[in-house]
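Asks: Got a structure here, written out as structure tokens. Questions coming.
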Ligand SMILES: Cc1cc2nc3c(=O)[nH]c(=O)nc-3n(C[C@H](O)[C@H](O)[C@H](O)COP(=O)(O)OP(=O)(O)OC[C@H]3O[C@@H](n4cnc5c(N)ncnc54)[C@H](O)[C@@H]3O)c2cc1C
Ligand code: FES
Ligand code: FES
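Residue numbers (the numbering used here), protein chains in the order written: chain A, 2 to 781; chain B, 10 to 513.
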């Protein structure tokens, strides 16, 4: 029996629970190591007039102060568009933009220097909101569109048309370990960089670019991250570059670790969106046409904004067939820190838009939103093509909706909720089901590749390295299982090496939920090649000594840690024995594997393509309880169903589902990024930025995996799971909307995301009055 | 050196004055069973920095440096009788000097004979750790819960596990796997911390240092750990700028985040007697260094409404360190105990060089962080009259997140009523002005009115007029005005619902 499909402990679990796992800042200090920090722009928009470093350089213990002038390579870079500066030159465009890199003997010295660096800036009016950016025509890139059918005809066909605007807020990743890197200088200007990054290759590449080195002079190593969630896909690069600059200049090891406040204030997060929509639908609630404009607040540089926007657009349909659709996307340039990848990568923002529309349609028609959703859901044989032309194969959405409605006892509970709202003077309830369909693959084709290296040592133990980085999601554990199964050995015989660019070159970020899909497939590719060689060796070995059979590799079986010939099953070699034999036969016991996702592509010029290998699907039912007077909100029960194919590790996948749902719940409820008028982030630490606490977990929390053994396009029939369940939490927001709707339809229509207690109360309070006012108007 | 020679002279003069008492110029603490004498700069470090960078014990993680995430959770053991009682605290907001004569257990010290303990094993089996950065803190907090389970060997309930972990954020797991790990922890295997670290040895060793008060100095900083109130008052009188750092849950956050850098520091941790709580003549008397955790335990039966507020106050870690006196003297307009103390007519006993004086809660606050407290005075006791049987007490704490969040708005209402006639009401609001306010006009309005919804709607309008809230990160002024108005309606409905429940 193999280990794939089993709930095997995370490969770092023992280290984690005993505090022995090592993160960047846990690494022992080298004797002459320097502490690195930076002076960040205190203003969101301005022109740099002067930089005076005299006082700072006199601070005892300060070893180096560097501005853009000290950069020998290129100061400008960016993952899609090269529009970011490592160190500001003439202007500053967001609060937190690095201007001066500080290197000192002690943290104290560095902090003291940071205080006395004197940068004079001519402050300009910042652009902070999407409206301001639209008014000033500030965009990061050309608009994009996806178009299908004829929306005008669709609107003509409609019984009703609704128009509205939907606003969703940003979110901080709140990974627990802040951005961090340590850089060790070597001979010939070479650098070894330890970085808490999801993308070691990008860190390597940008460091080389900035310092004017060749890529083969920089090695980036990532043992693990204390959480990533997308926040360390691009934005781990800057700290690593700053430390590299110091190490390069001083030839001393250099360490940079962002504290929480700086990390939250200076790095980007989830993209806020503002979406306008016009939807036409029949009297039964079936959508005939949708036109929607998605505007996203990308911040001061593109980072991944255009790709995030792209995913929002390809998810603007979510689970629903929309015959006539016109989806436009605009990436707004503002003076916020560049927003970046965050679990879901625009998907949630696209999906919540259409889910809000479902609610609006139901509210308008006085129908159960579940029925509206079911009526619009993608079909199995027909009505199953997305607006960008990809067919939803293997569509489980109708089945998932049915399942979750059944197991959550939705209909009965909906009735109970209605009754409750009629009687309770102090509280409101809401219950809602939303589905999710999440496309798996990077929407940029060339990123869908991976390589892996598998090394077998003489004792039969295996070391694997891939481009996948471990941030807690369990990619390493799953790959370990896949590799162990290829050789039919115990997973404990396999160790996952730290991700490093000197073993795996030109890797893609660990992102898009696809780390195991891509890197696992590459690792298996390597294993298959080695196994073939081992089988040949075993065939010879096992047919010798008068066994009376001729050598036949195809008869060799790897099972339960042994190797044998099917025709002589009694004669077994242990895996270690065959490895040792192969070594002595001078057989190569190491291999590189490679994988490129087949058959995907997308054309943004036409807005059509086949961007995804498959879809991960799910559905959730959430019930909320709200205090009418304080807005306090509790998710009292959640029922989640996810189709993740044949899970490689159900324990780990379950953890992704619970974690993503709760993180999503934070996004739609308590997590609010508040800024001052000047753009200063006010909620920059857990004191004021409230991610879900253990007490916020639903008291009833049912998580189930939906049986599906048909996903044969992916490794072992599994499906990616990291991001999709995040979107299940949208059901919490729609439940809040329904709870409020039971008091005032108008209030419900105003509700923004996140639905904080304040948002809830203010919606209800301001609507009571305006409802009265409009009632008066109609009478008059 | 900010602290002039003359001041240093005073310190030594003071030491000489206390000549009959020996002094130590170092802090003694025990870490995972080993004695550490800490002098000089290290004594002034946050415990988390001391552990990570001086002791190279990097299992204790640091994320927020302000008590809000629990990644730095360690156990602090204080001698109580012939045992050591361990409680989880946040190492990022405890400076080393606050831990004089304490035994600290960190994640490194929790294995049993080199093997994972029952909590750790269950965390591994239940996928309770993903990225692992919160995990040491979670394990420490959970071990504290199972330490209490050693005798009964009963499994922990979900509620107990949640309550034990309120102070620990996890961004990865969604908590569910962690709770499952708690539920499936094998209590049969649970080993008491006092078995892991035999108390007697440590207590004996602590005993050797107990007689000496620590007076530790580094550059311009001085720490003194008096053993009696008189010593403390004497010291404070001599050094006008002395900062008491008790739980440190306010002061240490200011030090870590706002550049506050007190030079002369005193902790009352070793002052005996000051941590007692008792009830006499219908009055709850709370000692000047009694923690909020002690208070919560005490009032669970006595004043359940107050216990409910203390349940959502901070986290176990915060309450194990933080004190009622600290909450009072820190004088935040959103301090959660103050509205309650106002409406209960609590009084504070202040001990200074001239003796003890008593001040009523609602006349203690003179303006934003301005107090009726002399520079030599210490809050030595808080006297809280217990609510009368006939009165209705309700307390409100509105915050963005229910648990472990600083309030946006707070309220306390005590009402006396005869059938449907309101006799009197005392109302206090927090988060609506520079100090917590009583609402005299609203109170006056309510006296004698009918107990009806209309009355409370009208009262809400008056209440709204009595306050002038501001907008800040925790909420807009308008939101606070609405809360101030409608919370009285909520009060009415809650009283009514209870009545209905009684009738059933
Ligand atoms: C994460 C976190 C969560 C929190 N949550 C809450 C919450 O929910 N509600 C809330 O109200 N507060 C909260 N607080 C604030 C804080 O915990 C409380 O105010 C606590 O009561 C302070 O007590 P302490 O002993 O830690 O005070 P310290 O920080 O030691 O001292 C506070 C002030 O009181 C003075 N002081 C202390 N003891 C005495 C004494 N005996 N005599 C004279 N002066 C004295 C100190 O000199 C200082 O000025 C929170 C703090 C943190 C870090
Ligand atoms: S580091 Fe967050 S509580 Fe100490
Ligand atoms: S496991 Fe990552 S924060 Fe808890």
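Even glycine gets a Cβ: it sits at the ideal position worked out from N, Cα and C. In this text, all values refer to a predicted model and were calculated from it rather than measured experimentally.
1) Going along the chain, which residues of the stretch 125 to 157 of chain B sit with their C-beta nearer than 7 Å to a C-beta in chain A?
2) DSSP three-state call for residue 453/B: helix, strand or coil?
3) Would residue 668/A pass as a contact of residue 730/A if the rule is Cβ separation under 8 Å?
4) Measuring straight from C-alpha to C-alpha, what distance separates residue 332/A and residue 279/A?
5) Alpha carbon to alpha carbon, how far is residue 323/B from residue 262/B?
6) Name the residue from 170/A, 172/A, 676/A and 220/A whose alpha carbon lies nearest to the alpha carbon of residue 187/A.
7) Does any residue of chain A bring its CB to less than 8 Å from the CB of residue 184/B?
8) At a CB distance below 9 Å, what residues from the stretch 4 to 18 of chain A approach chain B? Give them in sequence order.
9) Using a Cβ-Cβ cut-off of 7 Å (strictly less than) and excluding sequence neighbours within five positions of residue 409/A, which residues of its own chain qualify?
10) At least one CB of chain B closer than 8 Å to the CB of residue 166/A: is that the case?
11) According to a CB-to-CB cut-off of less than 7 Å, which residues of the stretch 167 to 199 of chain A neighbour chain B?
12) Give the range of the beta strand (DSSP E) segment to which residue 375/A is assigned.
13) Taking residue 661/A as part of the alpha helix (DSSP H), name the residues at either end of that continuous run.
14) If contacts are defined as beta-carbon pairs under 8 Å, then residue 387/B and residue 295/B qualify, I think. What distance do you get, rounded to the angstrom?
15) Please tell me whether residue 345/B has its Cβ less than 8 Å away from any Cβ of chain A.
16) Does the beta-carbon of residue 512/A have 16 or more other beta-carbons within 10 angstroms, so that it is buried, or is it exposed?
17) Which value, in whole angstroms, describes the spacing of the CA atoms of residue 748/A and residue 766/A?
18) Go through its chain and collect everything with a Cβ distance to residue 776/A's Cβ below 6 Å, but skip five positions before and after it.
19) Give the residues from the stretch 210 to 243 of chain A that approach chain B closer than 9 Å (Cβ to any Cβ), ordered along the chain.
20) Considering only residues of the same chain and omitting the five flanking positions on each side of residue 437/B, which have a CB-CB separation below 6 Å?
21) According to DSSP, is residue 446/B part of a helix, a strand, or is it coil?
22) Count the C-beta pairs between the stretch 233 to 245 of chain A and the stretch 14 to 22 of chain A that are closer than 8 Å, then say yes if the count reaches three, no if not.
23) By Cβ distance, which residues of its chain are closer than 8 Å to residue 416/B, with the 5 residues on each side in sequence left out?
24) List the residues of chain B whose Cβ lies closer than 7 Å to the Cβ of residue 696/A, in chain order.
25) For residue 496/B, which residues in chain A fall below 8 Å Cβ to Cβ?
26) Between 713/A, 605/A and 404/A, which lies nearest to residue 619/A when the distance is taken from Cα to Cα?
27) Tell me whether residue 772/A sits in a helix, a strand or coil according to DSSP, three-state version.
28) Looking only at its own chain, which residues have a Cβ that is under 7 Å from the Cβ of residue 94/B, when we skip the five neighbours before and after it?
29) Would you say residue 413/B touches ligand 3, meaning its beta carbon is less than 7 Å from a heavy atom?
30) Taking a contact to mean a Cβ-Cβ separation below 8 Å, would you say residue 82/B touches residue 326/B in this structure?
31) Can you name the residues of chain A whose CB is closer than 8 Å to the CB of residue 77/B?
32) Hey, residue 577/A and residue 460/A are a contact pair by Cβ (cut 8 Å); roughly how many whole angstroms apart?
33) For residue 474/A, return the contacting residues in chain B, with the cut-off set at a CB-CB distance below 9 Å.
34) Run through DSSP, which three-state label would residue 717/A get?
35) Check whether chain B comes within 8 Å of residue 517/A, counting only Cβ atoms and requiring the distance to be less than that.
36) Give the range of the alpha helix (DSSP H) segment to which residue 204/B is assigned.
Replies: In short, the structure shows the following:
1) When C-beta distances to chain A are compared with 7 Å, the residues of the stretch 125 to 157 of chain B below that value are 125, 129, 132, 133, 134, 136, 138, 139, 140, 141, 142, 143, 144, 145 and 148, in chain order.
2) Counted from its first residue, the second chain places residue 453/B at position 444. Helix at residue 453/B.
3) To locate residue 668/A, count along the first chain from 1; it is residue 667. To locate residue 730/A, count along the first chain from 1; it is residue 729. In this structure, the beta-carbon distance from residue 668/A to residue 730/A falls below 8 Å.
4) By 1-based counting over the first chain, the position of residue 332/A is 331. By 1-based counting over the first chain, the position of residue 279/A is 278. Each residue's alpha carbon lies about 20 Å from the other.
5) Numbered from 1 along the second chain, position 314 holds the residue referred to as residue 323/B. Numbered from 1 along the second chain, position 253 holds the residue referred to as residue 262/B. Those two C-alpha atoms are separated by around 13 Å.
6) Mapped onto the first chain, residue 187/A falls at position 186. Its Cα nearest to that of residue 187/A, the residue 220/A stands out among 170/A, 172/A, 676/A and 220/A.
7) Against the second chain, residue 184/B aligns to sequence position 175. It does: the Cβ of residue 184/B has a partner Cβ on chain A nearer than 8 Å.
8) Correct list: 8, 10, 11, 13, 14, 15, 16, 17 and 18.
9) Translated into positions along the first chain, residue 409/A becomes position 408. Same-chain partners within the cutoff: 622 and 640.
10) Working through the first chain from its first residue, we reach residue 166/A at position 165. Among the residues facing chain B, residue 166/A is not included, as its CB has no counterpart in that chain under 8 Å away.
11) Correct list: 175, 176, 177 and 178.
12) Stepping through the first chain from its first residue, residue 375/A is reached at position 374. Unbroken run through residue 375/A is the alpha helix (DSSP H), 370 to 377; no beta strand (DSSP E).
13) The residue labelled residue 661/A in the question sits at position 660 within the first chain. Note, residue 661/A: alpha helix (DSSP H), 651 to 669.
14) As a working note, residue 387/B is residue 378 in the second chain. As a working note, residue 295/B is residue 286 in the second chain. That pair is no contact at about 14 Å.
15) To locate residue 345/B, count along the second chain from 1; it is residue 336. Any Cβ of chain A closer than 8 Å to the Cβ of residue 345/B would place that residue at the interface, and such an atom is absent.
16) The residue labelled residue 512/A in the question sits at position 511 within the first chain. Residue 512/A should be labelled buried.
17) On the first chain, position 747 is the one that residue 748/A refers to. On the first chain, position 765 is the one that residue 766/A refers to. Just so you know, the alpha carbons of residue 748/A and residue 766/A end up roughly 8 Å apart.
18) Walking along the first chain from the start, residue 776/A turns up at place 775. Confidence at residue 776/A is low in this model, with a pLDDT of 36, below 50, so its placement is unreliable and no value can be given for it.
19) Listed by position along the chain: 225, 226, 227, 228, 229 and 230.
20) Along the second chain, one-based indexing puts residue 437/B at 428. The beta carbon of residue 437/B sits closer than 6 Å to those of 348, 351, 352, 421, 445 and 447, all from its chain and outside the five residues before and after it, given in chain order.
21) Locating residue 446/B in the second chain gives position 437, where the first residue counts as 1. It is a strand residue.
22) When Cβ pairs closer than 8 Å are counted between the two stretches, the stretch 233 to 245 of chain A is seen not to touch the stretch 14 to 22 of chain A, the count staying below three.
23) Translated into the one-based positions of the second chain, residue 416/B becomes position 407. Its chain contains 343, 345, 406, 407, 408, 439, 440 and 483 as the residues whose beta carbon lies nearer than 8 Å to that of residue 416/B, once the 5 sequence neighbours on both sides are disregarded; these appear in chain order.
24) As a working note, residue 696/A is residue 695 in the first chain. In chain order: 171, 175, 411 and 412.
25) Within the second chain, residue 496/B is the residue found at index 487, counting from 1. In chain order: 630 and 631.
26) The residue you call residue 619/A lines up with position 618 of the first chain. When C-alpha distances from residue 619/A are compared across 713/A, 605/A and 404/A, the shortest belongs to 404/A.
27) Here residue 772/A corresponds to residue number 771 of the first chain, with the count starting at 1. Only weak support exists for where residue 772/A lies, its pLDDT of 44 falling under 50; the value from the coordinates is given anyway. Residue state, collapsed to three classes: helix.
28) Start at 1 with the first residue of the second chain, and residue 94/B comes out as number 85. Closer than 7 Å at the Cβ level, and outside the excluded window around residue 94/B, lie 86 and 87.
29) Numbered from its first residue, the second chain carries residue 413/B at position 404. No, the beta carbon of residue 413/B sits no closer than 7 Å to any heavy atom of ligand 3.
30) As a first step, residue 82/B is located in the second chain; it is residue number 73 there, counting from the start. As a first step, residue 326/B is located in the second chain; it is residue number 317 there, counting from the start. Cβ distance < 8 Å, so residue 82/B and residue 326/B count as in contact.
31) For the purposes of this step, residue 77/B is taken as the residue at position 68 of the second chain. Chain order gives the chain A residues near residue 77/B as 686, 687 and 688, where near means a beta carbon separation below 8 Å.
32) Against the first chain, residue 577/A aligns to sequence position 576. Against the first chain, residue 460/A aligns to sequence position 459. For a cut-off of 8 Å, the C-beta gap from residue 577/A to residue 460/A is around 6 Å, short enough to register as a contact.
33) As a working note, residue 474/A is residue 473 in the first chain. Correct list: 139, 140 and 181.
34) Translated into the one-based positions of the first chain, residue 717/A becomes position 716. Reduced to three states, the DSSP call for residue 717/A is helix.
35) As a working mapping, residue 517/A is identified with position 516 in the first chain. False, the Cβ-Cβ gap to chain B never drops below 8 Å.
36) Taking the second chain and counting its residues from 1, one reaches residue 204/B at position 195. Per DSSP, the continuous alpha helix (DSSP H) segment holding residue 204/B begins and ends at 202 to 205.
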